[in-house]
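Heads up: the sequence shown runs through residues 10 to 113, numbered per my numbering.
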Amino acid sequence: YIKSKNPNYLVVLNPGTSVPNSYFNISDKIIVYEDTFQNFLNYNNSYSQEPSSDVCIIVTDATTQNDFYTAMAHGFSINSSCQYITNYSGTNTYYFISNYLSLY
């Protein structure tokens, strides 16, 4: 609907879970993962058929730089180049900017 109003609007879906690839037909970007670093290590859904810039992740509780680089590499392995990785957790995840932004 929103694209019929203006095709330049950016549509981002955040379903809170993995989605079928067909969802990428109705959005510009999808947040396919939003949870802790520890849980992300076990996340293995791959979106290799989609542009990596459309596959987004939000990883919290990455408490060390090594955690950051591990999460980033794992994100790339599932074909995500749209990544937000933070050392914060809970409600602080969205109230403070990640300490790792300068490392991107």
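For glycine and all other residues, C-beta sits at the position ideal for the given N, C-alpha and C.
It should be emphasised that the depicted structure is a prediction, and the values quoted were computed from it without experimental measurement.
Item                                                                                                                                                         : Value
Should SER98 go down as buried or exposed, given a rule of 16 or more other Cβ atoms within 10 Å for buried?                                                 : exposed
Does the distance from the CB of SER55 to the CB of ASN88 come in under 8 Å?                                                                                 : yes
When you compare the CB positions of VAL117 and ILE40, do they come within less than 8 Å of one another, or not?                                             : Here the chain comprises residues numbered 10 to 113, so residue 117 is not present and cannot be evaluated.
I'd like to check one pair, ASP63 with CYS91: are the Cβ atoms closer than 8 Å?                                                                              : yes
Could you check what DSSP says for ILE11 in three-state terms: helix, strand or coil?                                                                        : helix
By DSSP, does THR79 sit in helix, in strand, or in coil?                                                                                                     : helix
For the alpha helix (DSSP H) that THR102 lies in, which residues bound it at each end?                                                                       : 101-104
Determine the direct distance from the alpha carbon of CYS65 to that of TYR93, and round the result to whole angstroms.                                      : 8 Å
Could you pull out every residue in the same chain whose Cβ sits closer than 6 Å to the Cβ of THR100, ignoring the five residues on either side in sequence? : none
Give the single residue among GLN47, LYS12, PHE49, PHE46 whose Cα lies nearest to the Cα of ILE35.                                                           : LYS12
When you compare each of THR73, THR72, MET81, LYS38 to TYR52 by their alpha carbons, which one comes out closest?                                            : MET81
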